[in-house]
Every structure is written in structure tokens, then in C-alpha cells.
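Going left to right, the sequence shown walks through residues 1 to 467 as UniProt numbering numbers them.
C-beta: ideal position from N, C-alpha, C; glycine also.
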Amino acid sequence: MALLCFLLDLRNIPPPLLHRLKQCLLHLANLYAAATPPPQPHASSSADAGGLPDRLALSYVHSPSSKSSSSSSSSWPELKIGYRPGEKFNLRDFHHAVNNIPLYGFLPDQHVGSPSSGDVSLANLFSNRAIYSWATDDISKKVIAICMSAQNPEALRRSLMDAAEQCVAVDFIMLEPEAAFMYGDIPANANSFVNRICDLENCVVRRYNPEPQVLRGLVKRWLEDLKDDKEEILQAVFLFRYPIIDSVKHICCNLYASANHITDGFPSCQACKCHGCPIDHVTTNKVKWMCPITSRQLASSDVTDTAVRIGEQTVLFLPTSEGGSNLQRVSTSISFDVIERTQLASMNEGVIMGRSFVVIPSSNDVEVALTDECSDQNTQIFYGLCETLFKLDQGLVCSSSCNIETMKIGTLQCYYLLIPSEKGPMLLRRLAGSEEILPLPDMNRDCKSKVTMKIRNSVETSLSKIN
Numbered sequence: 001m002a003l004l005c006f007l008l009d010l011r012n013i014p015p016p017l018l019h020r021l022k023q024c025l026l027h028l029a030n031l032y033a034a035a036t037p038p039p040q041p042h043a044s045s046s047a048d049a050g051g052l053p054d055r056l057a058l059s060y061v062h063s064p065s066s067k068s069s070s071s072s073s074s075s076w077p078e079l080k081i082g083y084r085p086g087e088k089f090n091l092r093d094f095h096h097a098v099n100n101i102p103l104y105g106f107l108p109d110q111h112v113g114s115p116s117s118g119d120v121s122l123a124n125l126f127s128n129r130a131i132y133s134w135a136t137d138d139i140s141k142k143v144i145a146i147c148m149s150a151q152n153p154e155a156l157r158r159s160l161m162d163a164a165e166q167c168v169a170v171d172f173i174m175l176e177p178e179a180a181f182m183y184g185d186i187p188a189n190a191n192s193f194v195n196r197i198c199d200l201e202n203c204v205v206r207r208y209n210p211e212p213q214v215l216r217g218l219v220k221r222w223l224e225d226l227k228d229d230k231e232e233i234l235q236a237v238f239l240f241r242y243p244i245i246d247s248v249k250h251i252c253c254n255l256y257a258s259a260n261h262i263t264d265g266f267p268s269c270q271a272c273k274c275h276g277c278p279i280d281h282v283t284t285n286k287v288k289w290m291c292p293i294t295s296r297q298l299a300s301s302d303v304t305d306t307a308v309r310i311g312e313q314t315v316l317f318l319p320t321s322e323g324g325s326n327l328q329r330v331s332t333s334i335s336f337d338v339i340e341r342t343q344l345a346s347m348n349e350g351v352i353m354g355r356s357f358v359v360i361p362s363s364n365d366v367e368v369a370l371t372d373e374c375s376d377q378n379t380q381i382f383y384g385l386c387e388t389l390f391k392l393d394q395g396l397v398c399s400s401s402c403n404i405e406t407m408k409i410g411t412l413q414c415y416y417l418l419i420p421s422e423k424g425p426m427l428l429r430r431l432a433g434s435e436e437i438l439p440l441p442d443m444n445r446d447c448k449s450k451v452t453m454k455i456r457n458s459v460e461t462s463l464s465k466i467n
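Following this line, the structure appears as C-alpha cells:
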């Protein structure tokens with residue numbers, strides 16, 4: 001998990017692009033608030049049991065001269081911090097800060113990296129009063145500078161070197177039109193600016209075409225930075241009954257979720273059985289459980305742990321059928337036994353359940369016990385298997401005792417389908433077990449009933465009009 005501080009140079013961002021960027025920031029904040037799992041009801045401290053950790057900050061550079069139509073003013077640009085992260089994330093305040101970003105900051109005569117009427121000092125951002133003091137030392141920090149320019153690159157370079165000593169990374173996002181990518185039409189000043197900072201280890205310069213789909217992709221990348229990546233990487237071993245090559249009967253892989261889990265917003269809680277009222281906010285001491293209505297001391301048998309809170313006082317009681325399951329550690333490698341091959345063309349998609357996991361071969365940078373030689377062989381076997389299955393239009397049916405969606409070890413086996421691609425990664429999808437498959441609805445078609453040629457032609461004509 002990282003703290004992201006967005007730094008927008010309004011001098012270089014036209015109003016239409018600024019509007020799209022503001023929508024991206026609002027969307028990112030919404031996804032962060034919705035996609036992050038709620039804290040545990042029995043956290044180790046009151047702070048841990050509170051709201052969402054604050055991992056977003058917002059700042060921008062604008063020139064006071066841009067308020068008027070005159071561009072000849074010698075007023076120096078200013079750095080403003082619109083949102084400072086606190087202990088807990090405040091979605092409303094962040095929305096308010098984004099919406100208050102001034103729309104008059106664009107200087108039409110200035111391009112990214114070109115000299116401006118004055119230079120801006122980032123000392124107020126790279127200081128102990130700002131990003132250096134935000135969050136704790138175990139949280140990485142990154143500044144995302146969008147369309148940043150500097151008349152004096154040396155001053156900026158000194159600030160970036162100081163940021164490197166504080167372990168602060170800086171991503172420079174250059175949003176340039178498509179023509180700049182096709183013909184290399186990038187101002188010389190912009191190249192000079194990039195060349196002055198590209199050797200710094202904590203700095204990365206990325207150029208993007210500011211198309212809507214590209215900006216949406218950036219939001220997803222930023223969301224991944226906000227999330228704890230240790231919870232997203234799963235290690236897996238696919239076991240074969242017969243050797244694939246020589247005596248090798250397995251391949252090691254990493255699994256990545258292809259979709260983002262959105263919580264329903266109903267946190268679990270404890271409730272007294274006598275009145276059905278939540279008690280987790282009254283006391284966390286099991287010896288002194290008290291009924292919030294009668295103040296009577298409760299025994300363990302008087303308290304239910306399988307409840308969720310909706311609002312402040314409304315409680316729903318859930319069944320306890322899952323109480324005996326053991327949580328599977330994320331860091332544990334999951335074993336999948338390869339059972340059989342199956343033709344993908346004849347596969348019933350109605351039995352495919354849940355979200356997809358992207359499967360790639362494990363490499364040495366992941367903590368697996370593989371030598372360089374074994375790692376290279378593992379990668380070659382993976383892609384050889386992927387290409388062969390793709391040519392055959394087949395997938396592999398696998399079984400495991402672990403349900404990778406709930407990360408629990410169950411009493412019933414879970415079945416999965418490993419789907420290949422031509423040259424890229426594979427997908428892992430869970431298959432419904434026999435106890436999960438529902439009967440098909442009754443649909444009796446009269447054998448004498450035939451589709452007339454008129455209807456057939458009409459349907460074909462209608463479909464041809466759909467792009």
C-alpha cells in the first residue's frame with residue numbers, strides 16, 4: 001500500500017483535459033472507498049477499528065496571472081495543497097478539494113517543459129510539514145506529477161534528490177496528443193526537462209495519450225498502488241499425473257485477480273441475543289460484555305458473532321454454516337491437480353463462476369524456491385503448455401481443496417478451468433460443482449415448430465445493423 005500525492009501543474013492542462021482529470025480523481029477516490037475491505041471488528045487498537053486509512057493527497061500549481069486575460073504579468077506561480085491526508089480518509093472532503101481546483105490555471109502560450117513567467121518552489125510539498133510527515137514509515141510514498149514543467153530544472157532536481165533520501169518516489173505523467181507519439185513532435189524544452197531528471201532512481205517519466213480509455217487505465221493503476229499488493233498475489237502449483245518434460249510434473253505460477261472486489265458495505269459485528277443490538281462499540285472486553293439495553297453482563301452464549309451491521313442500530317443475523325472453515329493464508333502456495341482436458345468450444349459457460357484470475361509463470365523475483373535454470377525451464381514449460389492448448393482449443397480442468405474466491409479450505413473439492421491464450425497469460429475460472437448446479441428451466445419446443453424463412457431473413461437483417 002502506498003500514499004499517493006497528486007501534483008497537477010494547471011499551467012499546462014487545458015480546461016477540457018482538466019475536467020477529465022478531475023473526474024478521474026473523483027473516480028479513484030470512490031473506488032478506493034468502495035473496494036478496500038472494511039477493518040476487522042476486533043482490531044488491535046481503536047484506530048485500526050475506525051475508518052479507512054487516508055492514503056490520498058492533492059496539490060496543484062497555478063499562476064495568479066491566469067485569473068485575468070493578461071499573460072504578461074510577472075506573478076510567480078504558487079503551489080497549493082488542496083487535501084492533506086489525516087488519520088482516516090474523508091471521501092467528502094477529498095471530493096470537495098477536487099471540485100475546488102481552479103479552472104483558470106491554463107496558460108495557452110506555455111507548453112509542457114517550456115519556460116514560464118516564473119518558477120515554482122516545491123519546498124512546501126517536499127518537507128516535514130507535508131509529504132515527509134504524512135502516513136507512517138512503513139507506508140511507501142509517491143508523488144504523481146501531471147504535466148509538470150520547470151524553468152529551473154536544477155532547483156527541481158535538488159528537491160527530487162532530497163525526496164529520494166526520504167524514500168519518496170515521483171512519477172512524472174506527460175499527457176501529450178497522439179501526434180506527439182506518431183511524429184516525435186515533443187518540444188525541445190520538454191526533452192531537456194526530462195533529461196535533467198531521468199537519471200534519478202526515484203523518478204520515472206511516463207508519456208500517455210490523454211484519451212478517455214487511457215485515463216481510465218491510469219485510475220486502475222493508481223488504485224493498485226493504493227491497495228496492499230501482498231494480498232493480491234497468490235502462488236500456485238499445477239500438478240500433472242504424467243511428466244510434461246523429462247521428470248517435471250508441475251509448473252509454478254502466480255495468480256492475479258482480473259476484477260476488483262467491491263464490498264457491500266455491511267461490516268460484521270457482535271450482537272446480544274436478548275435484544276439483537278450491536279455490542280462491539282460498547283466494549284471489546286469479552287469478560288465484560290454488557291447488553292446495551294439492560295446493561296446486564298452477558299456470557300459467551302448470549303453473544304452472536306455472525307451478524308452484520310446496516311446503519312448504526314440495524315443488525316442482520318447470518319447463518320453459521322461457514323464457521324468451521326479455516327482461512328487459507330495468502331502467502332501459502334495453492335496446489336491444483338490437473339484432472340482432464342476439455343474442448344472449449346463445447347464448454348457450457350453456465351457452469352463458470354466467480355471472477356477470473358490471471359495466471360503467469362513464477363520468476364525469481366517472487367519468493368519461490370527456484371534456481372535460475374529451473375525458473376527458465378518453468379517459464380518455457382508454461383508458454384509451451386499455453387500455446388499447445390490454444391492450438392487444440394482446449395483447457396485443463398483442475399481440482400483443489402481451496403476456494404480461491406473465499407480463500408477458505410472447504411470439505412468439498414473445488415474445480416477450476418485453466419484457459420489458454422495464444423502468446424500471453426492464461427485465465428483460471430472456478431467451475432460449479434455438482435451440488436451447485438441448478439436444474440435447467442422447462443423449455444419444451446414442439447418438434448413440428450420451425451422458424452419460417454421470413455423470420456430468419458428478418459432476424460439476419462436486424463443483426464446486420466448491429467455494429
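| said: Between Leu31, Gly354, Arg11 and Pro102, which has its C-alpha nearest Thr406's C-alpha? | reply: Gly354
| task | Assess, as a yes-or-no matter, whether the region 450-461 is touched by the region 373-387 under the definition of 3 or more beta carbon pairs within less than 8 Å. | result | no
| query | Would you say the region 190-206 touches the region 288-306, given that touching needs at least three Cβ pairs under 8 Å? | reply | no
| Secondary structure of Gln377, DSSP reduced to three states | helix
| task | Note the first and the last residue of the continuous alpha helix (DSSP H) segment covering Gln343. | result | Not the alpha helix (DSSP H): Gln343 falls in the beta strand (DSSP E), residues Ile334 to Gln343.
| said: Using C-beta distances below 6 Å, list every residue in its chain close to Leu234, excluding the 5 sequence neighbours before and after it, in chain order. | reply: Leu255
| So what does Glu422 bridge to, in DSSP terms? | According to DSSP, Glu422 bridges with nothing at all.
| Would you say the beta carbon of Val170 comes nearer than 7 Å to a heavy atom of the ligand GDP? | Looking for the ligand GDP in the displayed structure turns up nothing, as the structure carries no ligands at all.
| query | Does the distance from the C-beta atom of residue 487 to that of Leu56 stay below 8 Å? | reply | This structure cannot settle anything about residue 487, because the visible part of the chain is limited to 1 through 467.
| Comparing alpha-carbon positions, which option in Pro361, Leu389, Pro16 and Ala2 lies nearest Pro212? | Pro16
| request: Go through its chain and collect everything with a Cβ distance to Ser69's Cβ below 6 Å, but skip five positions before and after it. | output: For Ser69, the predicted model reports a pLDDT of 45, less than 50, meaning its position is unreliable and no value from the coordinates is stated.
| said: Buried or exposed for Val451, going by 16 or more other Cβ atoms inside 10 Å? | reply: exposed
| query | When the Cα atoms are used, what is the spatial distance from Ser59 to Asn195? | reply | 24 Å
| message | Please identify the residue among Pro85, Glu78, Glu422 and Cys414 whose C-alpha is closest to the C-alpha of Asp393. | response | Glu422
| message | I'd like to know whether the C-beta atoms of Leu344 and Ile419 end up nearer to each other than 8 Å. | response | yes
| Can you name the residues that DSSP bridges to Cys291? | Partner(s): none; Cys291 has no beta bridge.
| Rounded straight-line distance, which links the Cα of Glu224 to that of Ser63 | 33 Å
| said: For the pair the region 155-164 and the region 21-32, tell me if three or more CB-CB distances fall below 8 Å. | reply: no
| query | Quick one, are the C-beta atoms of Cys198 and Asn12 less than 8 Å apart? | reply | no
| field | Exposure label - Lys288; buried when at least 16 CB within 10 Å | value | exposed
| said: Whole angstroms are fine: how far does the CA of Ser258 sit from the CA of Ser121? | reply: 41 Å
| query | Pick from Cys398, Arg221 and Ile144: whose alpha carbon is nearest that of Leu31? | reply | Arg221
| For the candidate residues Arg341, Met426 and Met290, whose alpha-carbon lies nearest to that of Ser356? | Met426
| request: Would you list the one or two residues that DSSP bridges to Gln213? | output: Per DSSP, none; premise fails for Gln213.
| Out of curiosity, what's the CA-to-CA distance linking Ala135 and Ala33? | 17 Å
| By DSSP, does Lys141 sit in helix, in strand, or in coil? | strand
| query | Helix, strand or coil: how does DSSP classify Gly113 here? | reply | Unreliable positioning characterises Gly113 in this predicted model, as indicated by a pLDDT of 43, which lies under 50. A coordinate reading is not provided.
| query | DSSP puts Leu175 in a beta bridge; with which residues? | reply | Tyr208
| Would the beta-carbon of Lys141 fall within 8 Å of that of Leu3? | yes
| Local conformation of Tyr60 per DSSP, three classes | strand
| query | Name the DSSP beta bridge partners of Asn254, please? | reply | Gln235 and Ile360
| Between Leu396 and Arg341, is the Cβ-Cβ spacing less than 8 Å? | yes
| Under three-state DSSP, which class holds Ile404? | coil
| message | Report the CB separation of Val351 from Leu428 in whole angstroms; it is logged as a contact under 8 Å. | response | Actually they are not in contact, since the Cβ atoms of Val351 and Leu428 sit about 15 Å apart, beyond 8 Å.
| task | Can you say whether Ile293 is buried or exposed, counting buried as having 16 or more other CB atoms within 10 angstroms of its CB? | result | exposed
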